[in-house]
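See below for the structure under consideration.
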Amino acid sequence: MSFQKFREQCVKLAGSYAHLLEQPPRGMDADLALPCFALAKEKRKDPAVIAKEIAGAMKPSGLIKLVEASGPYVNFYADWDKLGGEIIGRIIREDDNFGRATRRKEKVMVEYSSPNTNKPLHVGHLRNDSLGMSISNILEFAGSNVIRTAIINDRGVHICKSMLAYKKWGNGRTPDKKSDHFVGDFYVMFEKKLKEDPGLEEEIRQMLKKWEEGDKPTRALWKKMNSWVLGGMKETYKLFGSKFDFWTLESGIYDKAKPLIDQGAKKGLFFKGERGDILAKLEPELPNKVVLRADGTSIYITQDMVLAKIRFEKHKIDRLIYVVASEQNLHFKQLFKILELLGYGWSKNCHHLSYGLVNLPTGRMKTREGTVVDADELIKEETELAKKEISAREKVSKTELEKRSKEIALAAIKYYLIKIEPIKDILFDPGRAISFEGDTGPYLQYTYARAKSILRKAKKKNRIGKGVGKEEIDLIKKLSQFPYIVKKCAVELKPNYLATYLFELATLFNSFYHAEKVIGSEKEAELLTVVESVSIVLRNGLSLLGINTLERM
Ligand code: ARG
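Heads up, the sequence shown is in my numbering, so the first residue is 6 and it goes up one at a time.
Here's what the structure looks like:
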């Protein structure tokens, strides 16, 4: 990378001070800076005096245009006339490969989405999927071998609830609507009826017992209802663009924990509680945790113990990232601790990518009361809003309207859910998310389409220019940061940096567009290469976020 070359030259020039070089804070126009505070302390001198001394002794050359003291800093300026052309050239020539790692180092598994099969996907899943997909793409870009997976929690009490309601009040009906919604209605119905008749709890326990014993009619009902839910979910995943290499079904692994429990008991890590449950001793660091119920039935954490072992030992992964809501923070702390106590060295390579709630203006969603914001509904709502917006601007054919509105709606949702740091809660505002202006997905798509429209109108052929004007420098500097931003996202597991970066790039590009007449300019060919570079980086960046671009908007 050309900017890397500049950095290397600065390191060489800075010599024994090189370790102090840093990226200057935003708003400063230097390309690299060397703060002199630490040196000042050491030498008991004024940092500004030291900065002057150091700067005075340095002779800029190569890609370094100027070295200058500014207060307590020594500032390094790149020769953007040289560097700009190189950076643009790389982007244009290498297209998709701009900064992409070519060697695959580690094998990392990203688990995301992981629904329960008792109800349809909701807006929380959309945040989960947006994060899971983008972080997978970003890790791949940065050089990991990525496996995308989900655990489908397809058994247990929650599934029995929808099953029992269907059995009692379903009259053997078959789905007359999207099949996951059909099943979800029975789950909601169960929770309502439970309020009137607490005796239903016992019936659920009976049903779960029957299921675990392999009772034929219970298993048949379970199979039927699960296939309805999964069928419906697959449609939603397809629409949203969620992709997986494979899924694991909890029903296939839930009863394989025995050896692990025995192993823990032998090591003295687990003990029998007063009520006969088996507990992992984690106190005082963490609360103790039941790993096996007295009646021998396994629980949520037991399946996770087995699953982690399978993933590391059978799939031979180096790292495991769980994209799961922050409500389960304690669960994952306990899980990782238990795995560590059991002696699995790989437990330190487990990571919980925790994320906050998604609220809608109507308040917190509660599945049980049926007021949850459903994923399909939200996608539909945004698509309708997108159609209105498109139609207000331009008359397009029906097929084009369908295609565009879908991509714009998905961009609106994904971008809105990714741009916020994972750990923070989100107030999702459908109207703001779909806006073509401001910090939104559609704005970025729009900026891309604008760049493409300039390129279509141009008569001259692009040429990689050597000299670049002041107006382009900011833009080129921004472009040159793309690979570093992606790597930063990969290291910190925070795709929001990339979202912010793309928004800043788009904003810079739009002010460049308003300030400079590209078509017909004396420098048309050179400016076009800048426009094309922006379009390439926008397209690549958005695709890492799981967002498709449109050629026209
Ligand atoms: N199905 C669970 C839920 O909806 C999430 C599973 C998360 N993954 C895991 N390995 N525990 O709450």
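We treat Cβ as the ideally placed atom computed from N, Cα and C, and that holds for glycine.
Between residue 383 and the set 115, 421, 499, 357, the nearest pair of CA atoms involves 421. Distances from the CB of residue 329 to the heavy atoms of ligand 1 include at least one below 7 Å. Inter-residue distance for residue 394 and residue 291 is about 51 Å (C-alpha atoms, whole angstroms). In the DSSP assignment, residue 355 falls within the unbroken beta strand (DSSP E) covering 355 to 360.
Look at the beta carbons and you see the segment 444 to 451 touching the segment 408 to 417: at least three pairs across the two are nearer than 8 Å. Between residue 255 and the set 283, 272, 303, the nearest pair of CA atoms involves 303. Residue 305 and residue 331 do not touch by the CB rule: their CB atoms are close to 16 Å apart, not below 8 Å. The DSSP assignment places complete beta strand (DSSP E) segments of no fewer than 3 residues inside the segment 212 to 284 at 251 to 254, 275 to 277, in order along the chain. Under the three-state reduction of DSSP output, residue 132 falls in the helix class.
In the same chain as residue 339, and ignoring 5 residues on each side of it, the C-beta atoms closer than 8 Å to its own belong to 285, 287, 291, 292, 294, 306, in chain order. Exclusion of the five residues before and after residue 406 leaves 392, 395, 396 as the residues of its chain whose Cβ lies within less than 8 Å of its Cβ.
Taken through DSSP and simplified to helix, strand or coil, residue 149 comes out as coil. Annotated as distal: residue 116 and residue 343, with beta-carbon spacing of 8 Å or more.
Not one heavy atom of ligand 1 lies closer than 7 Å to the C-beta of residue 425. In the assembly as shown, residue 404 is an exposed residue. Its beta-carbon has fewer than 16 other beta-carbons within 10 Å.
A contact is defined here as three or more CB-CB pairs under 8 Å, and the segment 71 to 89 fails this definition with respect to the segment 105 to 114. For residue 427, there is no enclosing beta strand (DSSP E), as DSSP marks it with neither H nor E. Residue burial annotation: residue 436 is exposed, with fewer than 16 other C-beta atoms found within 10 angstroms of its C-beta. For residue 410, the distance from the CB to the nearest heavy atom of ligand 1 is not below 7 Å.
Relative to the Cα of residue 249, the nearest Cα in the group 153, 531, 456 belongs to 153. Looking from the CA of residue 172, the closest CA among 408, 549, 194, 357 belongs to 194. For residue 447, the uninterrupted alpha helix (DSSP H) segment begins and ends at 446 to 462.
Counting the other Cβ atoms within 10 Å of the Cβ of residue 124 gives 16 or more, which makes it buried.
Contact holds between the segment 475 to 484 and the segment 90 to 99, because three or more Cβ pairs, one in each stretch, are under 8 Å apart. Look at residue 488 here: in three-state DSSP terms it is helix. In the structure shown, residue 378 adopts coil according to DSSP, grouped into three states. Minimum Cα-Cα distance from residue 551 among the listed residues 118, 142, 209 corresponds to 142. Bridge pairing for residue 325: 114, 355 [DSSP]. For residue 296, the enclosing beta strand (DSSP E) starts and ends at 294 to 297.
In this structure residue 335 is exposed. Its beta-carbon is surrounded by fewer than 16 other beta-carbon atoms within 10 angstroms.
Around the CB of residue 174, fewer than 16 other CB atoms lie within 10 Å, so the residue is classed as exposed. Rounded to the nearest angstrom, the Cβ distance from residue 543 to residue 453 is 5 Å, consistent with a contact under 8 Å.
Apart from sequence neighbours up to five positions away, the residues of its chain that approach residue 14 with a beta-carbon distance below 7 Å are 67, 68, 69, ordered along the chain. Relative to the non-hydrogen atoms of ligand 1, the Cβ of residue 497 never comes closer than 7 Å to any of them.
Residue 438 places its beta carbon 8 Å or farther from that of residue 389. For residue 162, the closest C-alpha among the options 11, 127, 210, 531 is that of 210.
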